[in-house]
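Reading through the structure tokens given below for one structure.
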Amino acid sequence: MFSCQKYVKEGGGCVGICAGAYLLAKGYTEEASMLELLEAEIKNWPIWYLGIGIVYLKTVTEHPVVYGFQGEFPNYILERPYFLQKQY
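The numbers in this note's numbering rise by one with no breaks, and the one at position 67 of the sequence shown is 60.
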């Protein structure tokens, strides 16, 4: 087990940025199955162009990652993984 997996399973946090987010999803590809920490599916279109622009994020809990941010704030995106919530 990778140390990151162990850390998260013991309650730690993990943020996947850009291509690193693909490594967090379960079953994306065999080559990218190192971490598999999210119960989510990644949606890919025939081309990877998913758009660029500004989206507004909203903080919902107090956490060191969002320390100092309150309410909504703009976030610039350039392409990105698109996650689908796992259906139970």
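Built from N, CA and C at the ideal position, the CB exists for glycine as well.
* Beta-ladder partner(s) of Leu31, from DSSP -> As a position in the sequence shown, residue 31 is number 38, starting the count at 1. Per DSSP, Ala18.
* To do: Check Tyr69 in the structure and name its three-state DSSP category.
  => Along the sequence shown, one-based indexing puts residue 69 at 76. Looking at Tyr69 - three-state DSSP - the assignment turns out to be strand.
* Please determine, among Tyr49, Val48, Lys19, Thr52, the residue with the shortest C-alpha to C-alpha distance to Lys36. => The count along the sequence shown starts at 1 and reaches residue 36 at position 43. Residue Lys19 is the option with its Cα nearest to Lys36.
* **Straight-line gap, Thr52 to Val59 (C-alpha atoms, nearest Å)** => By 1-based counting over the sequence shown, the position of residue 52 is 59. By 1-based counting over the sequence shown, the position of residue 59 is 66. Computed Cα separation, rounded: 7 Å.
* Proximity to Gly13 [Cα-Cα], best of Glu3, Lys2, Glu29, Pro57 -> As a working mapping, residue 13 is identified with position 20 in the sequence shown. Ranking the options by Cα distance to Gly13, first place goes to Glu29.
* To do: Could you tell me the boundaries of the beta strand (DSSP E) in which Val1 lies?
  => Taking the first residue of the sequence shown as position 1, residue 1 is located at position 8. Val1 -> not in any beta strand (DSSP E); alpha helix (DSSP H) instead, spanning -4 to 2.
* 8 Å Cβ shell around Tyr49 - same chain, five flanking residues per side excluded -> Numbered from its first residue, the sequence shown carries residue 49 at position 56. Counting only Cβ-Cβ distances below 8 Å, and skipping sequence neighbours, we find Glu65, Phe66, Pro67, Asn68.
* Asked: Can Glu34 and Leu77 be called in contact, C-beta distance under 8 Å?
  -> What you label residue 34 is simply residue 41 of the sequence shown in a count that begins at 1. What you label residue 77 is simply residue 84 of the sequence shown in a count that begins at 1. Yes; because the gap between Cβ atoms is below 8 Å, this pair is in contact.
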